[in-house]
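Trainee: Just so we're aligned: 68 in the numbering used here is position 45 of the sequence shown, and the numbers increase by one with no gaps anywhere.
Glycine included, C-beta positions come from ideal geometry on N, C-alpha and C.
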Amino acid sequence: MKDTPLIVCEHVDLGYEDQDAVIDVSMEIDPGDYLCIVGENGSGKSTLMKGLLGLLKPTGGRLTIDEELKRTGIGYLPQQTAAQRDFPATVYEVVRSGCLSRRGMRPFYTRQEVRLAFGCMEKLNIVPLKDHCYRDLSGGQQQRVLIARALCATSKLLVLDEPVTGLDPAAIQELYQILRRLNREDGVTILMVSHDIRNVVGQADKILHLSQRVLFYGSAEAYRRSAVGRRFLGGGDGPEEDSGEDVWDDR
C-alpha cells in the first residue's frame, strides 16, 4: 500500500498582486522522495517553494499538506545572506536553535533536545566543530551546520533552496553525498531547488522542471531521455522517447 503523500499540488497557481508566477502545477512529494525543482532564473522555482512551505497561498488549484507534516514541521534551508554567514555563534548554538519550535516557552533545552542536537551534528560530521564560531567556517561547513539545524526541527522533510551556491566543487560533491545518505539511510525526504541541473540529475530520484508552467515532472532517468532534459543537458532536440512518466513539454 502506497504511503500518503506529504504534499500534493493539483493545478496550482501561485503569484503576487494579481500576477501569477507559477501556473497549473500538478505534482506530489511522497515519503522518501528526493525531488529537485530545476529551471532557469525567473522560472518560478522560488515562488513554488514558498507555496510548498505554506508562505504563499495558491491563487488557483488545490495544495494539500499531510496533517502529520503540519504537526512535525519542515526543515528549511534558505539561501544565506552575507549577514547570516557572519553570525557570531558557536556551531553547537546554531544547531541547537533548530529545537526552538520544540522548546516553546520553556527557558531551557531539555536533555532530549541536547541529545538530538548532538545526534544531528554526528550525522553531519561536525561534532569536532561544536565550539567553533559559525562565521569562521568554510561555506561547505556552514551548510552542514545548517542541515544539522534543520534536522533538529524535523527529520521528515528537508527543503533546500540553492544549497550549493558559492561552494567550491569539492564542497558541492560532499554536500550531495550527505544529502543522498540522509535520503537513503535515514529516510529523510529531500526537496531541493537548484539551477545546477547537470549535477542534480545524477543525485535526485525525481525532477520537476519549471518554466512558469511544468515542462517535465517524473523520474530523473526519464528526464534524461526527454526532449526537455536533452535540451538542457546538451543532448540535442531529437524526438522524445516514451518513458511511461508524466511529461509536459510546452515548447
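My parser needs the alpha helix (DSSP H) runs of 4 or more residues fully inside the stretch 113-149; what are they?
Mentor: 114-119, 123-126 and 134-146
Trainee: Any chance you could list the beta strand (DSSP E) runs of at least 3 consecutive residues sitting entirely within the stretch 26-83, in chain order?
Mentor: Counting whole runs of 3 or more residues, the stretch 26-83 contains the beta strand (DSSP E) stretches 30-39, 42-52 and 57-61.
Trainee: Please give me, in chain order, every unbroken run of the alpha helix (DSSP H) with length at least 4 that falls completely inside the stretch 152-194.
Mentor: Annotation note: the stretch 152-194 contains the following uninterrupted alpha helix (DSSP H) runs of length 4 or greater, listed N- to C-terminal: 162-176.
Trainee: Under the rule that 16 or more other beta-carbon atoms within 10 Å means buried, what is G261, buried or exposed?
Mentor: Residue numbering aside, residue 261 sits at position 238 when the sequence shown is read from its first letter. Unreliable placement is indicated for G261, whose pLDDT of 41 sits below 50; the coordinate value is still reported in the next sentence. Per the 10 Å Cβ criterion, exposed.
Trainee: Measuring only the C-alpha atoms, how far is S217 from P28?
Mentor: Translated into positions along the sequence shown, residue 217 becomes position 194. Translated into positions along the sequence shown, residue 28 becomes position 5. Each residue's Cα considered, the two are about 22 Å apart.
Trainee: What do you get for L123, buried or exposed, if any count of 16 or more other CB atoms within 10 angstroms of its CB means buried?
Mentor: Your numbering for residue 123 matches position 100 in the sequence shown. Per the 10 Å Cβ criterion, exposed.
Trainee: Assign A193 to one of two classes, buried (16 or more other C-beta atoms within 10 Å of its C-beta) or exposed (fewer than that).
Mentor: The count along the sequence shown starts at 1 and reaches residue 193 at position 170. Looking at its Cβ environment, which holds fewer than 16 other Cβ atoms inside 10 Å, A193 is exposed.
Trainee: Check I230 in the structure and name its three-state DSSP category.
Mentor: Position 207 of the sequence shown, counted from the start, is the residue given in the question as residue 230. It is a strand residue.
Trainee: Since I believe Y115 is in contact with D154 (beta carbons under 8 Å), could you give me their beta-carbon distance rounded to a whole number of angstroms?
Mentor: Position 131 of the sequence shown, counted from the first residue, corresponds to residue 154. Position 92 of the sequence shown, counted from the first residue, corresponds to residue 115. Right, their Cβ atoms sit about 7 Å apart.
Trainee: Measuring only the C-alpha atoms, how far is Q103 from R85?
Mentor: Your numbering for residue 103 matches position 80 in the sequence shown. Your numbering for residue 85 matches position 62 in the sequence shown. Looking at the two C-alpha atoms, the distance is approximately 30 Å.
Trainee: Pick helix, strand or coil for L256, following the three-state DSSP scheme.
Mentor: For the purposes of this step, residue 256 is identified with residue 233 of the sequence shown, where counting begins at 1. DSSP places L256 in helix when its eight states are reduced to three.
Trainee: What do you get for L78, buried or exposed, if any count of 16 or more other CB atoms within 10 angstroms of its CB means buried?
Mentor: Your numbering for residue 78 matches position 55 in the sequence shown. The residue in question, L78, is exposed, as its Cβ has fewer than 16 Cβ neighbours within 10 Å.
Trainee: My assumption, with CB atoms under 8 Å, is that P81 sits in contact with L147. Please give the rounded CB distance.
Mentor: Counting from 1 along the sequence shown, the entry for residue 81 is found at position 58. Counting from 1 along the sequence shown, the entry for residue 147 is found at position 124. Incorrect: roughly 34 Å between the Cβ atoms, too far for contact.
Trainee: When you compare each of R221, D191 and Q235 to G252 by their alpha carbons, which one comes out closest?
Mentor: Taking the first residue of the sequence shown as position 1, residue 252 is located at position 229. Looking only at R221, D191 and Q235, the smallest Cα-Cα distance to G252 is reached by R221.
Trainee: Report the rounded CA-to-CA distance for L71 versus G142, giving the unit in angstroms.
Mentor: The residue given as residue 71 occupies position 48 in the sequence shown. The residue given as residue 142 occupies position 119 in the sequence shown. Spanning the two alpha carbons is a distance of roughly 32 Å.
Trainee: Assuming V224 is part of the alpha helix (DSSP H), what are its boundary residues?
Mentor: Reading the sequence shown from its first residue, position 201 is the one you call residue 224. From DSSP, the alpha helix (DSSP H) with V224 extends over I220 to V224.
Trainee: Can you look up I10 in the DSSP assignment and give me helix, strand or coil?
Mentor: In the structure as shown, the chain begins at 24 and stops at 274. Residue 10 is therefore absent and cannot be evaluated.
Trainee: I want to know whether the stretch 90-97 touches the stretch 32-51 - three or more CB-CB distances under 8 Å.
Mentor: Counting Cβ pairs under 8 Å, fewer than three are found: no touch.
Trainee: Round the Cβ separation of V117 and Y157 to the nearest angstrom and send it over; I've been treating them as touching at under 8 Å.
Mentor: Along the sequence shown, read from residue 1 onward, the residue named residue 117 stands at position 94. Along the sequence shown, read from residue 1 onward, the residue named residue 157 stands at position 134. Contact between V117 and Y157 holds: their C-beta atoms lie close to 5 Å from each other, under 8 Å.
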